[in-house]
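Numbering (my numbering), first residue to last: 377 to 544.
Note that the Cβ used here is the ideal one computed from N, Cα and C, for glycine as well.
All of these numbers come straight from a predicted model, not from anything done at the bench.
Working notes, structure below.
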Amino acid sequence: MGEPLLREVAAPVLRFDAGLAELIADMDETMRALHGAGIAAPQIGVSARVVIFELKENPRYPHIAPVPYTVLVNPLLRPLDDEQEQGWEGCLSVPGMRGLVPRFRRLRYQGCDARGAPIDRTVEGFHARVVQHEVDHLDGVLFPQRVRDLRDFGFEDALAAQMTPMPD
Ligand code: NI
377 MGEPLLREVA APVLRFDAGL AELIADMDET MRALHGAGIA APQIGVSARV VIFELKENPR
437 YPHIAPVPYT VLVNPLLRPL DDEQEQGWEG CLSVPGMRGL VPRFRRLRYQ GCDARGAPID
497 RTVEGFHARV VQHEVDHLDG VLFPQRVRDL RDFGFEDALA AQMTPMPD
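So, in structure tokens, the structure goes:
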């Protein structure tokens, strides 16, 4: 947080080439090393509209349905209605912090996978939340900017007793 690149709009991907595959491999490695549920290219210093995310079955989050491993390039999001819900978020670029963030509950997202094949999904709940969080990174937005009441933002350790655990 504070890095200028994280406040910028990332560049669209124009070529599905070896450079893109290398970027995705780098993002994958970083996400796994830091045990994140998602990561966006600007978080590893690259201005490109690429996000990846995944949530495996995890006994720490029994209330959250797993999300399949997804590479999403040049994403487009469309909320299906106005309904939003609040949820606790964290971010690999804002380590140790958590905040209560409103997100659209249901949305349709489109884009391409790593090889340029189209992706078109309608999702809800945590899956919808993680996509919105990651795509925000491509538009220069970090989750603390979306927290409505700064009393709902703080250190993970201090908030632990008050929040439903959520993956980063
Ligand atoms: Ni993040």
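Per DSSP, the beta-bridge partners of ASP496 are GLN486. Between ligand 1 and SER423, a heavy atom-to-CB distance of less than 8 Å is absent. Residue range 473-480 is occupied by the beta strand (DSSP E) that includes MET473. Taking a contact to require three or more Cβ pairs closer than 8 Å, the stretch 466-484 and the stretch 422-438 do not qualify as touching.
With contact defined as three or more Cβ pairs closer than 8 Å, the stretch 406-422 and the stretch 477-490 are not in contact. GLU459 has its alpha-carbon roughly 35 Å from the corresponding atom of ALA401. Put simply, the backbone Cα of VAL517 is about 9 Å away from that of GLU510. With a threshold of 8 Å, the Cβ atom of LEU514 does not count as near ligand 1, since no heavy atom of the ligand is closer than that. Under DSSP, GLU398 shares a beta bridge with no residue.
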